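Below is one structure, written out as C-alpha cells, with a few remarks after it.
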Amino acid sequence: MQVDVVAFPPPSITWRHGDHPIPTDTGLVSTTKTSSTRYVSRLLLVGIRREQSGSYTATVVNQDELREVTFNVEVTAPPRVHQLSESAALGRQTVLCVVEGDPAPSLQWYSCQSQQRCDGKTYLWQNLSTGYNGVEIQTNVSHPGDQNFTQVHSLLVLPSLHSVSAVRCEAKNQLGRRAWDLRLVTTSGIPLILLLVVAILVVLTLVFLIILIIVWRKKPPYKCMWRIMDPSGSEGKLYSYVDPALLPSTSAWEVPRDSVILGSPLGAGGFGQIVEASVTGWSDCSTRVAVKMLKRRSAESSLMSEAKVLGVLGPHLNITNLLGVCGPPGSFFLITELCGHGDLLDYLHRHKHSLLTDEVPHLDKSEAVEGGYMDMMNGDAQCVAMETLGDPSHPELNPSPEDPLCGDADPGRHGDSSSLTLQDLISFSHQVAEAMTFLSSKNCVHRDLAARNVLVCGGGLVKVGDWRLSHDLHKDPSYVARGNCYLPVKWMSPESIFQSVYTTQSDVWSYGVLLWEIFSLGEAPYADRSSTNKLCSALKTGYRMARPKQASQDLYQLMIGCWKAEPTSRLSFTSLAVATGNVLDHAHKQLYSQLKQNFLSGENTAITRSRAARTDKQPGNLEDHPPEVLVDRTRTELPEAGSSHSYLVTVETSARVQAGPEHLQTPLAVIEAAPESHDDSMVEQTSDLMDAR
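Following UniProt numbering, the numbering of the sequence shown begins with 1 at its first residue and continues without gaps.
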C-alpha cells in the first residue's frame with residue numbers, strides 16, 4: 001500500500017491497522033522524499049494472514065492540514081475446522097463443529113454406519129440432514145470482532161446412535177474443502193447408568209485396595225518375645241516388665257563386621273532370616289554360628305532388645321547363648337550358637353517313623369486317651385512320683401569326644417541318629433525344663449515356648465531359643481495376628497489369651513503343650529479345635545488335650561499339672577526338671593552330666609565370650625577376682641532330692657561364697673544336692689522356695 005504526498009512545510013506520515021498504530025521501526029513502513037515537496041510512504045505486508053484483514057489508514061499531517069487515506073484489506077482463505085467435539089446427555093448425543101473461512105463456508109454433516117473405519121471411503125458416508133431419523137442440526141453464523149472472516153457453529157443432535165459409529169463435519173467455499181471425522185461411543189440411557197455403576201465400582205475397588213495396602217503395611221511388626229520381669233512390680237499392678245532400653249548396652253558384645261562371613265540361610269520369613277556364618281578371631285580356627293538379621297532396619301530395635309536380654313541372662317547349656325552383635329554402620333546382626341539339626345518340631349517329624357518303642361514307661365493301656373474336661377475347681381498341683389527306667393536295649397550313649405556345643409564343632413557329626421527312643425523324648429523334656437528353670441530364676445519370661453523354638457544340637461543336646469525369624473508368621477498357622485503382634489494362641493495360657501498376662505506360670509502352661517508335642521512326635525495341638533474361637537471357648541469350659549500315644553499316664557499327669565486353670569496351682573519348672581530327670585536312664589543322665597561338665601569347663605565359646613563381654617564392662621580381671629554371691633545359710637538345709645538336681649536359693653546378706661563364671665550377674669546361688677530319693681513334700685517345698693524368690 002503506497003501513498004504519494006505533496007506538501008509544504010514537510011509532513012509527518014503514520015500508519016495504523018484499525019485502531020492500532022503500526023510502529024515505523026518494524027521495517028513494514030518506509031517513507032521517502034522524492035523532491036523538495038514530494039514524498040512516498042509505503043506499507044508492506046509479507047506472507048499476509050487471515051487475521052491481517054481489515055482497514056489500514058495512512059495519516060499525513062503538517063502545520064497547515066491533516067489528511068487520511070484508508071485501505072480495506074480482505075484476506076480470503078479456504079475453510080478451517082476449528083473445533084469438533086461430542087457430549088452426551090441422557091437419551092441423546094450431540095456433536096459440535098466450529099469452522100472458519102472467507103468467503104463464508106458452507107457446512108455439511110455425514111455419518112458412517114459401518115462397524116469398521118470409513119476413512120476415505122466416501123461411499124460409506126451418508127449425508128445427514130434435519131429430520132433424518134430424528135436428527136436435528138442447529139447452525140449459527142457470526143463474524144468475530146472486526147474480522148472479515150466468517151465463523152460457523154453447527155450442532156448435530158442424534159437422538160440415538162444405534163449403528164452410527166462416526167460422524168464427519170465437512171466445510172467448503174470457493175477456495176477449498178476441509179473435513180474432520182469423529183469416532184463416537186454408543187451411549188443411551190441404560191448404558192449411561194451402567195457406566196456410572198461401573199465407575200462407582202472402580203472407585204470402590206481402588207479405595208478397597210488402598211485400605212488393604214494400609215492394613216498390610218500396618219501388619220504386626222517383629223517383636224522380641226523374651227521379657228525380664230520386674231520382681232518388685234509397680235504401683236497398682238501385679239506384674240511389670242523391665243524396659244529393654246534400660247538393660248545394659250550390648251556394646252561389649254560387638255564383633256567386627258569383617259570377621260563375620262555369612263553362609264547359606266537356615267530359614268527365612270516375612271520379617272527377616274537366619275543364616276549360617278563363621279566368625280574368625282575367637283580362636284585359632286573359625287567358629288560356626290547362626291546370625292539373625294531383619295529385612296527392615298526400622299524393626300532392628302526388637303532384635304537389639306533380644307540381644308540385651310540374652311546378654312543379661314548369661315550363658316546356659318540349654319539356651320541358644322549370645323555370642324556377639326554387629327551394630328551400625330550396616331544392618332544389626334545378632335550372633336548366637338548354631339544348632340545344626342534344626343528345630344525340635346522338624347526333628348520329630350523326620351524321626352517319628354524310626355521311634356524305638358521297646359521301652360514304654362508306665363504306659364497304662366486301660367487309660368482313656370480321649371481329650372476331656374478338667375474339674376476347674378480342683379486347683380491342687382500334684383507331682384506324680386516317677387520311677388527311673390532301666391537301661392534301653394540300644395547301645396549306651398556316650399558323649400562326643402569333640403565339643404558338642406552348637407557352633408564349636410560340626411553339628412552334623414554329633415549323633416543325628418536315624419533312630420529315636422522314648423528316653424530321647426524324656427531327655428528333650430528334661431533339658432527344656434532345665435532351661436526354663438534357668439530363665440525363671442532370672443525373672444525371664446519366654447512367651448513363645450514351643451517345639452519350633454527348641455533347637456536340636458549334636459549329642460542329644462537341645463536348646464531353647466527364638467526361631468521365629470525362620471518362619472513366615474503371616475502364613476504360619478501356629479500364629480494369629482492380634483493387635484500389634486502375632487500370638488501363638490494354641491500354646492498360650494488362658495490368662496495370656498484373655499488378660500494378656502505373661503508370667504513364669506504362663507510359660508509352664510506352654511511347657512505342657514510342648515510336652516504334648518514331644519510325645520505326639522510333632523503333631524499339631526488342638527487339631528480338633530482348629531478355630532481360635534472354638535479353642536478359647538473350650539479352654540474356658542475346662543477342656544484339655546488327650547494323652548498322646550507315646551506318653552505314660554505319669555507323663556500325662558505332668559501335662560495336666562501344667563494346665564491348671566489357676567496359675568499358682570501349676571507345677572514349677574524346678575519340680576518339672578526333677579520329675580523328668582528322675583525318669584531318665586543312667587546313660588542319658590551320664591551323657592547330660594558330661595555335656596554340662598564340658599560346657600562349664602570354660603573352654604566353650606559361649607562361656608569365653610560372656611566372660612570377655614563382662615570383662616569389658618567391669619574393671620579388673622574376673623578370673624583373678626571372681627564375684628561374690630550372698631547366700632542365706634539358714635535356707636540351705638534342703639530336703640533330700642534325686643540325683644542331678646539343682647536347688648535355687650534366695651540370695652540374702654548372711655554369708656559370702658565364691659562363684660564361678662556360670663553365676664555371674666545372677667541373684668541366686670546354686671546348691672547341688674545328690675541324695676537318693678525325693679518325695680512329694682520336697683516338690684511342694686521347692687515350689688515354695690521358687691514362690692518365695
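Glycine included, every Cβ here is placed at the ideal spot set by N, Cα and C.
If you're wondering where the values come from, they're calculated on a predicted model, not measured in any experiment.
Restricting to Cα atoms, I'd like to know which of the options is closest to residue i.
{"i": "T574", "options": "D507, L246 and P11", "result": "D507"}
{"i": "E136", "options": "S552, W125, V95 and Q553", "result": "V95"}
{"i": "L345", "options": "G47, L521 and G327", "result": "L521"}
{"i": "G330", "options": "V60, T24, V260 and H143", "result": "V260"}
{"i": "L334", "options": "R350, L348 and M293", "result": "M293"}
{"i": "R296", "options": "F271, P315 and R288", "result": "F271"}
{"i": "L439", "options": "L155, N321, A199 and K534", "result": "N321"}
{"i": "A268", "options": "I211, W467, N133 and L246", "result": "W467"}
{"i": "V5", "options": "R16, S36, G27 and L28", "result": "S36"}
{"i": "A435", "options": "R609, V501, A613 and P315", "result": "P315"}
{"i": "Q108", "options": "D64, L535, R178 and R611", "result": "R178"}
{"i": "D258", "options": "L313, P328 and L43", "result": "P328"}
{"i": "L44", "options": "P248, A538 and G27", "result": "G27"}
{"i": "A88", "options": "V203, K33, L539 and I193", "result": "I193"}
{"i": "T605", "options": "D284, L201 and L303", "result": "D284"}
{"i": "T336", "options": "V291, G311 and Y347", "result": "V291"}
{"i": "C485", "options": "M225, I210 and R544", "result": "M225"}
{"i": "P256", "options": "R452, S286, G281 and F208", "result": "G281"}
{"i": "A524", "options": "V454, S593, H349 and D243", "result": "H349"}
Closer than 7 Å to a non-hydrogen atom of the ligand COA - does that hold for the CB of residue i?
{"i": "Q431", "result": "In terms of ligand content, the structure shown is empty, and the ligand COA therefore cannot be addressed."}
Just to confirm my understanding: we take residue i, look at its own chain, exclude 5 residues before and 5 after, and list those with CB closer than 6 Å. What are they?
{"i": "Q505", "result": "P567 and R570"}
{"i": "W180", "result": "V81, L84 and C169"}
{"i": "S111", "result": "Q126, L128, V164 and V167"}
{"i": "E300", "result": "L294 and F332"}
{"i": "V98", "result": "H82, Q83 and H153"}
{"i": "A551", "result": "F519"}
{"i": "V69", "result": "V3 and A58"}
{"i": "Y502", "result": "V445, R447 and S496"}
What's the C-alpha gap between residue i and residue j?
{"i": "A385", "j": "S264", "result": "For A385, the predicted structure reports a pLDDT of 35, less than 50, and the residue's modelled location is therefore unreliable. A value from the coordinates is still provided. Approximately 46 Å between the Cα atoms of the pair."}
{"i": "D528", "j": "V279", "result": "46 Å"}
{"i": "T615", "j": "D554", "result": "46 Å"}
{"i": "S427", "j": "P548", "result": "17 Å"}
{"i": "F599", "j": "L317", "result": "6 Å"}
{"i": "D688", "j": "L576", "result": "In this prediction, D688 scores a pLDDT of 38, lower than 50, which makes its location untrustworthy; no coordinate-derived value is stated."}
{"i": "E74", "j": "P10", "result": "32 Å"}
{"i": "L66", "j": "T59", "result": "7 Å"}
{"i": "V480", "j": "E306", "result": "21 Å"}
{"i": "D25", "j": "Y132", "result": "59 Å"}
{"i": "W15", "j": "L156", "result": "45 Å"}
{"i": "T437", "j": "H446", "result": "11 Å"}
{"i": "S41", "j": "E51", "result": "23 Å"}
{"i": "Q2", "j": "P103", "result": "26 Å"}
{"i": "H351", "j": "D343", "result": "13 Å"}
{"i": "R611", "j": "D448", "result": "28 Å"}
{"i": "R609", "j": "S429", "result": "28 Å"}
{"i": "E254", "j": "L584", "result": "40 Å"}
Please look up how many angstroms separate the CB atoms of residue i and residue j, rounded, as I've assumed it's under 8 Å.
{"i": "C444", "j": "I228", "result": "6 Å"}
{"i": "L469", "j": "I274", "result": "5 Å"}
{"i": "G432", "j": "V464", "result": "Reading off the sequence, residue 432 comes out as Val, not Gly. At roughly 6 Å, the Cβ-Cβ gap stays under 8 Å, so V432 and V464 are in contact."}
{"i": "E100", "j": "Q151", "result": "5 Å"}
{"i": "G18", "j": "G54", "result": "5 Å"}
{"i": "I13", "j": "Y39", "result": "7 Å"}
{"i": "V309", "j": "T250", "result": "With 8 Å as the limit, V309 and T250 do not qualify as a contact, their Cβ atoms being about 10 Å apart."}
{"i": "V289", "j": "L246", "result": "Contact doesn't hold; Cβ gap of about 28 Å is too wide."}
{"i": "P78", "j": "N173", "result": "7 Å"}
Spatial neighbours of residue i within its chain, please: C-beta separation below 7 Å, excluding the five flanking residues on both sides.
{"i": "D424", "result": "G460"}
{"i": "H20", "result": "none"}
{"i": "L397", "result": "Residue confidence for L397 is low, a pLDDT of 36 falling below 50, so the modelled location carries little weight; the figure read from the coordinates is stated next. Around L397: G460, A587, H588 and L591."}
{"i": "Y526", "result": "K490, L535 and M545"}
What does a CB cutoff of less than 8 Å around residue i pick up in its chain, not counting 5 residues either side in sequence?
{"i": "A450", "result": "L345, S478, P488, W491, S510, V513, L514 and E517"}
{"i": "L558", "result": "C383, V384, G512, L515, L571, L576, A579 and T580"}
{"i": "H143", "result": "F149, T150 and Q151"}
Please state if the CB of residue j and the CB of residue i are separated by a distance shorter than 8 Å.
{"i": "N72", "j": "A7", "result": "no"}
{"i": "L420", "j": "S496", "result": "no"}
{"i": "S106", "j": "A199", "result": "no"}
{"i": "L313", "j": "K475", "result": "no"}
{"i": "L262", "j": "A277", "result": "yes"}
{"i": "P494", "j": "L535", "result": "no"}
{"i": "G311", "j": "P248", "result": "yes"}
{"i": "T76", "j": "L196", "result": "no"}
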